[in-house]
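In full-length UniProt numbering, the protein residues as written are 1 to 356. All C-beta atoms, glycine included, are put in the ideal place defined by N, C-alpha and C. Keep in mind the model is a prediction, meaning the values are calculated, not measured. Working notes, structure below.
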Ligand code: SF4
C-alpha cells in the first residue's frame, strides 16, 4: 500500500524520504512544501525535483485529495463545503466570515459516537475516523476554493463533525501540519479544539500543543448533563472540571465553555446561577449559543429575552459571557447541524444514518 504523504507532519515525511528513498532530510522539506501548496494534485507538478525522484515518489507514496461534492452559501456569507473522500465518505467544513475574523470550522471524524441529544451529526453514529491528511486537507481544499475573496482564513476551530479528542493522534498530527511554516502556517494561538469533555485527552492535548480549548458544557449539573450528553455518564462534571483546572493554559488565555440554550430545558436563571458556581475560580469565558432548531431534533430555541436574562446572571457573578450570533442557519451550517447526507462506508454500503 502506498504511503499517504499528506498525513505526515514534516519530521515524519523527512524520515520517510530517508528510509524509503534513501534521500536527505532537505528533500523531505521540499516535498512537504509542495504537498501543502494550493493547487498541488500530482508529483509531476514538483518541478524542482528530478524526474527520477518524482517517479520514485509516485511509486511509493500518494497525494490523496478531496472531491468537492457540494457547496451551500448562506445569505450572511457563511459557506458550507461538502467533501467526498477517496472511499466515498463525506464530511463538511464551514467558512464563517466576520468583520475581523475569518474562521473555518473543521471536521475530525465522519459522524460521531458521542450521541449528544441536540446534535444532528450524532444521528449518523461514527462512520470512521479521519486521517491527519483528511483533517488538514479540509483547510487546504477550503483555501483553494475560497481564493482571495473575501480574505484568507485566519482562525481554525475543530467544532465540525465529530469529537476531535476521540481522534487525538490524527488531530495532533493535522495541527502540526497546519501550523508548520512550510505548510499552511497557521498560528496555534488561532486554533481552537472543542470537546464534549474527555478529561484524559484534554490534558494530553494541552501538554503537547499550545492551542485554545473549548468545552461543551450545556448543563450545570450531572443529572441534566447526562440526559443531554451521554459522555457525562462516563466523565461526570467533577472529573471534567478537574481536568479544566489542570489544563496547562497559556498565560492570558481562558477556557471557553460553550453552553447551548434549550428552551425550557437548561435556560432558567437558576441554571445560570448553578453554572456560575460551577465555574468559580476557573479562567473561563462562557459562550451562550441559542439552539438552532432543525428537523428531527426535539428542542426549541429560547426567546432573546430569556437568553439575555441568562447572560445577565453570569455577568453579575463576574463571569465573561457572550452570546454567539448564529451563522449559516439557512444552510444548516450552524453548531450541531452538520450532517453529511448519503454516507457510504469504505466497502460502498450505504449507511443508514437515521438508524445509526
Ligand atoms: S455535539 Fe459534537 S460531540 Fe456531541 S454528538 Fe455532536 S459532533 Fe459529537
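Go ahead and label residue 355 buried or exposed: buried means 16 or more other beta carbons lie within 10 angstroms of its beta carbon, across all protein chains shown.
-> Residue placement at residue 355 is poorly supported in this model, since its pLDDT is 27, which falls under 50; the coordinates still yield a value, given next. Classification for residue 355: exposed.
In or out: residue 357 buried (at least 16 other Cβ within 10 Å) or exposed?
-> A query on residue 357 cannot be resolved here, the shown segment of the chain reaching from 1 to 356 and no further.
Look at the Cβ atom of residue 27, then the Cβ atom of residue 182, and state whether they are nearer than 8 Å.
-> no
Using 8 Å as the limit for Cβ to Cβ distance, is residue 234 near chain D?
-> As a matter of chain content, chain D is missing from the structure shown, which is built from one protein chain.
Among the residues of its own chain, which have a CB less than 7 Å from the CB of residue 176, if the five just before and after it don't count?
-> 9
In or out: residue 6 buried (at least 16 other Cβ within 10 Å) or exposed?
-> Burial call: buried.
Which residues bound the beta strand (DSSP E) around residue 357?
-> No answer is possible for residue 357: it lies beyond the span of the chain, which begins at 1 and ends at 356.
For residue 71, which residues does DSSP report across the bridge?
-> 81
Boundaries (first-last residue) of the alpha helix (DSSP H) holding residue 90 = Premise fails: residue 90 lies in the beta strand (DSSP E), 90–97, not in any alpha helix (DSSP H).
Counting Cβ pairs closer than 8 Å, one from the region 267–275 and one from the region 237–253, do we hit at least three?
-> no
Which residues, in chain order, sit with a beta-carbon under 7 Å away from any heavy atom of the ligand SF4?
-> 112, 114, 115, 116, 119, 121, 122, 161, 162, 163, 196, 216, 229 and 336
Would you mind reading off the limits of the beta strand (DSSP E) that contains residue 109?
-> 109–111
Through-space distance from residue 277 to residue 234, alpha-carbon basis = For residue 234 and residue 277, the distance between alpha carbons rounds to 22 Å.
Return yes when the Cβ of residue 140 is within less than 8 Å of the Cβ of residue 38, no when it is not.
-> yes
With a floor of 3 residues, list each beta strand (DSSP E) that falls wholly inside the region 165–224, ordered by position along the chain.
-> 191–195 and 212–216
In three-state DSSP terms, what is residue 262?
-> coil
With burial defined as no fewer than 16 other Cβ atoms inside 10 Å of the residue's Cβ, what is the status of residue 109: buried or exposed?
-> Buried, since its Cβ has 16 or more Cβ neighbours within 10 Å.
Using the C-alpha atoms, what's the distance from residue 12 back to residue 19?
-> 10 Å
When the Cα atoms are used, what is the spatial distance from residue 2 to residue 222?
-> Residue 2 and residue 222: Cα-Cα distance of roughly 47 Å.
Given residue 190, which residues of its chain have a CB within under 7 Å of its CB, disregarding the five upstream and five downstream residues?
-> Closer than 7 Å at the Cβ level, and outside the excluded window around residue 190, lie 154, 155 and 156.
Nearest-angstrom beta carbon gap, residue 289 and residue 259 [assumed within contact, 8 Å] = 7 Å
Give me the Cβ distance between residue 196 and residue 114, rounded to the nearest whole Å; I'm assuming they're in contact under 8 Å.
-> 5 Å
Taking the alpha-carbon positions, what's the residue 102 to residue 152 distance?
-> 7 Å
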